[in-house]
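Asker: Protein chains in written order, with my numbering: chain A, 41 to 325; chain B, 41 to 325; chain C, 41 to 325; chain D, 41 to 325; chain E, 41 to 325; chain F, 41 to 325.
(1) For chain A, is any of its Cβ atoms less than 9 Å away from the one on residue 123 of chain B?
(2) Quick check on residue 72 of chain C: buried or exposed, where buried means 16 or more other Cβ atoms within 10 Å of its Cβ?
(3) Rounded to the nearest angstrom, what separates residue 294 of chain F and residue 302 of chain F at their Cα positions?
(4) Which term fits residue 180 of chain B, buried or exposed, when burial requires 16 or more other beta carbons within 10 angstroms of its beta carbon?
(5) Look at residue 299 of chain B and residue 258 of chain B and say whether their C-beta atoms are less than 9 Å apart.
(6) Could you tell me the alpha carbon to alpha carbon distance between residue 241 of chain A and residue 221 of chain A, rounded to whole angstroms?
(7) List, in order along the chain, the chain A residues whose C-beta lies closer than 8 Å to that of residue 132 of chain D?
(8) List the residues of chain E whose Cβ lies closer than 7 Å to the Cβ of residue 255 of chain F, in chain order.
(9) According to the neighbour-count rule (16 or more other Cβ atoms, all chains shown, within 10 Å of its Cβ), is residue 139 of chain F buried or exposed?
(10) Mind listing, in chain order, the continuous alpha helix (DSSP H) runs of no fewer than 4 residues lying wholly within the region 223–273 of chain F?
(11) Would you say the region 204–223 of chain B touches the region 168–184 of chain B, given that touching needs at least three Cβ pairs under 8 Å?
(12) Since residue 164 of chain B is in the beta strand (DSSP E), which residue starts that stretch and which ends it?
(13) Considering Cα atoms alone, identify which of F/296, F/319, F/274, F/284 is closest to residue 306 of chain F.
(14) For the region 279–307 of chain F, which residues have a beta carbon sitting closer than 7 Å to at least one beta carbon of chain D?
(15) Measuring alpha carbon to alpha carbon, tell me which of E/98, E/121, E/141 ends up nearest residue 108 of chain E.
(16) If you run the structure through DSSP and keep just helix, strand and coil, what is residue 149 of chain F?
(17) Whole angstroms is fine: what's the gap from residue 50 of chain A's alpha carbon to residue 102 of chain A's?
(18) Quick one: is residue 205 of chain C near chain A, going by C-beta distance under 9 Å?
(19) Near residue 150 of chain C, which residues of its chain fall below 6 Å by C-beta distance, leaving aside the five closest residues on each side in sequence?
(20) Closer than 6 Å by C-beta to residue 238 of chain A: which residues in its own chain qualify, once you throw out the five before and the five after it? Chain order, please.
(21) What are the complete beta strand (DSSP E) segments, minimum 3 residues, inside the region 73–152 of chain A?
(22) Taking residue 284 of chain E as part of the beta strand (DSSP E), name the residues at either end of that continuous run.
(23) Taking beta-carbon pairs under 8 Å, can you tell me which members of the region 182–197 of chain C lie near chain F?
(24) Can you tell me whether residue 246 of chain E is buried or exposed, with buried defined as 16 or more other CB within 10 angstroms of its CB?
(25) With DSSP as the reference, label residue 170 of chain E as helix, strand or coil.
(26) What separation, rounded to the nearest whole angstrom, lies between the Cα atoms of residue 154 of chain F and residue 272 of chain F?
(27) Counting only C-beta atoms, is residue 87 of chain F closer than 9 Å to chain E at any point?
(28) At the level of alpha carbons, what is the spacing between residue 144 of chain F and residue 91 of chain F?
(29) Is it true that the CB of residue 78 of chain D sits closer than 9 Å to the CB of residue 166 of chain D?
(30) I'd like the list of long-range same chain contacts for residue 81 of chain E, defined as Cβ closer than 6 Å, with 5 residues on each side in sequence excluded.
(31) Beta-carbon within less than 6 Å of residue 135 of chain B's beta-carbon, same chain only, minus the 5 sequence neighbours each way: which residues are those?
(32) Closer than 7 Å by beta-carbon distance: list the chain C residues that pair up with residue 219 of chain B, in chain order.
(33) What do you get for residue 191 of chain B, buried or exposed, if any count of 16 or more other CB atoms within 10 angstroms of its CB means buried?
(34) Looking at the structure shown, is residue 52 of chain B part of a helix, part of a strand, or coil, going by DSSP?
(35) Identify the contact partners of residue 92 of chain B in chain A, using a Cβ-Cβ distance below 8 Å as the criterion.
(36) Spell out whether any CB of chain A is found under 9 Å from the CB atom of residue 109 of chain B.
Structure follows, in structure tokens:
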């Protein structure tokens, strides 16, 4: 298996631990997210390790790419359990987590794993869809219910901060308005406020690629028209510098539905910017 | 056949009548518009019925999707006649029309049908191309001549209001400047003025998907670089609230040339926003 | 072979000479640039010759499309030599050059050919990548080293003006800061200053299509996320009016990796705008 | 939803009941089998109802297409249970079953459902792969273990007759030689013998499309080179005339991996030939 | 426009005249046949002019490729008239015709044109489909009715010899059995007999590419499973040596639905073999 | 990098050495052969290591996959030299070579390397094309000239045995008839004779995937209609048992032009069958 660009090789010394969660468990429109971790790794070798806009280099970040969690197809519960155990273990050892999905449901395992150590966790959620249904297609565990389940995990459901949401049923939007910190079609302004409030509390970030416009990220299972731009997203990533991010996931990239792998390339660049922004400093100091 | 999301089932009580006009009659570059009505219907089930930005729900709009007008291939004139008859009949019964093409030539049938009832009709035309040629590839009836024919139908050709046009031959642009209300590369500002002037006169809207940039709407027969953005278009749709729109068509989406059906998804979302904007109120009142 | 839209037929009287350099010599990610000249020509017949935004028509520009330089595959050096000879010959006869690549390495041949006549040449370089490596994949001649080689050709390496660069290794960015006129992530403002400084000195423009965002130009070998928009580029082309552009190349369009040929269509439109902007006046005068 | 060509509408009077089992549960290489039932139905309208080679017409077969079993994604066990219940119910009412998958694991539910009524069932299995593993990717329930589980259901495992198998691990081939009626690379000759032996015992037929060569059936998840031809398969279907086939499934067609839908078209034609061969007589008599 | 490989340039001296009839007039499943003439010409340059199996070379055949008949889209009748006129004119000058479609309806124009000179014409028809309907999708002029119309043109409808037909409605097959010389699923044997009977009467050959199996010719509008092989077809072409073939058409190749242009390549090779077989001798003598 | 299925890890003890030569040096129609080695390796993990038809297992073959020779793009001569050196070195150590291309020109390097040790080498060449031109597109080194260059290397050019050739210019076919052991359109019969004559002399086998019909191997640069079938090829591979094969190459698979990777899967299966046939025995003895 190809490792992510400039991955270190040692687990013990790594501050950040990257792994793939190649699930395609709960597809409703189009699948293919299971291929994302490997294709993103492959395309990472077609970008530079250096970020001109950040002035930092991935070479200076302490991280290791451990490969993929093995998926036994057809049993979502055992898969969630497996990913949660892995994350719990890493978090217990003081590692910061960078998980590459996979469909969005894996974020539930990510949050559960991290929360085992950080009970006062905040979650920042960037997505086109609110993902707040209670049931979807007959199940409580789905990409469309994942943030409802996440909200239930948190000490207070208002610690789920949702940004740039532009799609949802009437019921879930109303539920969100009452129960989570939901921001419809808004990104930068509310995010800055939230960041101020969070301070140095532990944070988990869940980034669904479909928060972006389908023109810049066509390779995803349920594209939703009229999304945010890439530069908006990169601004957001920069705002996070200084936050105590203990977990980060990037989900729902679907290489088979992409054109010329531009969505996977973007995924690789997002990972690079995240690691340099959040991981670079600690190394320098 | 799959109906459009949340289509009612009764014709008699419906304020809006939706149908498909699956023509591919006059292709010059790439065809495939005949597949648009069914693919847009299919993708409509992958968006929500609720619009967070409008705060309204398609469930509250009185409309019915009647399926497609049957196309006897290879005879444009009989096809235009058939669509015109259908529209004339619907308009005669006081219905508002929402037609999904098909290539742009079907707009001529749509306008002719509506004008049978509303002789003082205005037409709002959003397109990359002026479509004002007199002849094209040997024919007076083509996607490239359709707005010339439409102008000839109207009581005054200046009631043809064209927005965001960014392509045309020198001759047709000059003809347009003299004969229609032509706005090159401009959208929002002139549209607001026109809307004020029109007041509550009956309006037909013809929306060629290629008015959008090819990045957001790649699935079309003759994409033209440097188009408008999706949020510009959605703003425009909102401006129309209050206009007396008696007919609306969405044309030139070509699913076989698309990537991951994002253009058809966008088409479905446009239809939703149009129906909620124009149809929601009348129901509430 | 199909000629570019409205190509004249006479070499002697043409002010601008267009030709294709269908090389795919030094691919690292994905190839296909060899097909660009012919696909761009083909798609040129699906846009108009008239530019509404410039108010000019390609019919009024004195140019001829001579077809492609014959490529003997597998020998980059002899190919560079051949293209350089062709350009030297054209420049010697007072022609202005418009070369359609091909991979970016052909720009080296273009610059060498033009510099044979214009020793005080400035180069304007628009690209996602700095292309300033000394070696790449074991070679000094590659799409990733081409601007280093170009810098070495110029009387002063600071006459290489690089705009909108958003990717590069730390080493090449630092080398660029010392040796070229490198502008990271910036376009319009520094360009205007440079244009003022250049005055009527001879200029060669090298435009790598990947300077644009992958959403608007997906058909390229090494797309780089977060690029400039089409309207930004078209603004830039207009700024050049009045510059003494003696050579222009458009490189790295890769039709096999495109969607619905939108990148090649864009290439055709760029060529039209360039020729009308730079070539229209001289004809009128 | 589009019904299969010439589907009747009444359940009570139908001899054959067709339904789709759109599962994609246990993908190891490429998915997409979930889309097969609907695409096969759609393509069925592009073939004729009449079979020149059989001299019969689908119009004369008593069958009804009931649509798809609803799939709650991500829980294979509950899905198997649901399909099994459906089949048990149909079989209990004396219906013959025609199930369109979905991945091959659904055949286990089909056999279990049918065997509830016919304890002396024989199974005819046509496939590239033996599918006789005990475990695969950590699970006992997978497209690669399905026939091992089927063999365990049958009164005698030698009643599992496997034809044209051309791929398997050494272990599963050896297990098959001891425990099932396994025929490597052979089709017509052993099949005729088996048909003679079976007489009028109840039979379930499981047809994995990858028994065919990838050239004629490229749209499948795990194509295996050097398969049988279409005319070989159609001969086999004719041999079955007179057999007491109480269940039939067609699995592993994957439309997203197909070219021009030729595999789905072939699937539609197989269904037509099966229904005319097995269902036509009972109607005539 | 690229000419077919080794096309001569003089009309007057050419024994065979080739032209394209790029119609897509009467699509029911998938279009794209309009692109076939140009793609076949392009791919002809990727095969050799020499045929090892025939021992002849296209260089020794007297033929000229005249390009395409101009298509005014959307009016089938005027298009048929135009093609018929062209063929009538060529036939009147003693030319032999090789027409590349386009959809199958153009064969009607080809036969009508040729019959103007040769009233005792026989037609050899190779196809998956009988194409003998009287009406199809509301029209008497369609790819599905074309041979019914052709039969009506001939002095005796039994002079329409149909081979390898494997699809049709019950009605059209029965009509064919009574009225044409229809051979279901049979090719070589009946063809040899027919050739003996025809002697040196004038013959028109209409070859629909879908007579071949979809595996070897996937790029067609209505592929029909279980077709003949390429070597069967090439045998057939050789049998025709000595026949007085005055017209030949190759129709229904659809490049947009192909894989790697293999169907167009095959089309180019068929044209080569036909011209060397039928045209080579006359040159030698 | 993923290794080929069941690759050993030790060079010293391996009888066979596998490596990739990812060249795309001399493309005339379509490229992409550079991606073949890695895609074939990847797909090898989707077939079994056991061959039911041979009764052997890849696990029992002594081979190692060493990865790819590094390609410095754009310089064919240095690449040929590098591959030749590698092969010379391996052959000198008594290894048998299995090279995966890459375009066909790499076979020249393979033969040159092997011949350094085995001066009395015979070459068995399976291909659609004779590849016997002296020059092609201005070069003596190309996929179309490679066997002319190979013939010049051999002690006697009649030791170049060419099978199933179905395409070539008149000149190269005539040159082949005089100078090589050329068999047009024939495979099995002449091969058996040649095998008898060769006895235990050292043999190099060069297998161009386009010897197969495009239906079974569409993923190749220059497909040629009417090729041999997969079972014909697998018979041929079995005949070779007992031959003293010291080198084997498989070339011209082009993944970007394939459908569902079936050509690469076939390539993986060919490699498995070759290694079990030629490598299995020697291990057992």
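Cβ coordinates follow ideal geometry from the N, Cα and C atoms, glycine included.
Answerer: Checking against the coordinates, here is how it stands:
(1) no
(2) buried
(3) 11 Å
(4) exposed
(5) yes
(6) 16 Å
(7) What residue 132 of chain D touches in chain A: nothing, since even the nearest Cβ is about 24 Å away.
(8) 255, 256
(9) buried
(10) 228–238
(11) yes
(12) 162–166
(13) F/274
(14) 299, 300, 302, 305, 306
(15) E/141
(16) helix
(17) 9 Å
(18) yes
(19) 127, 139, 287, 289
(20) 162
(21) 103–108, 136–141
(22) 284–291
(23) 182
(24) buried
(25) coil
(26) 27 Å
(27) no
(28) 28 Å
(29) no
(30) 42, 44
(31) 57
(32) Ordered by position in chain C, no residue passes the 7 Å Cβ test against residue 219 of chain B, which lies about 16 Å from the chain.
(33) buried
(34) coil
(35) 205, 206, 207, 208, 213, 224, 225
(36) no
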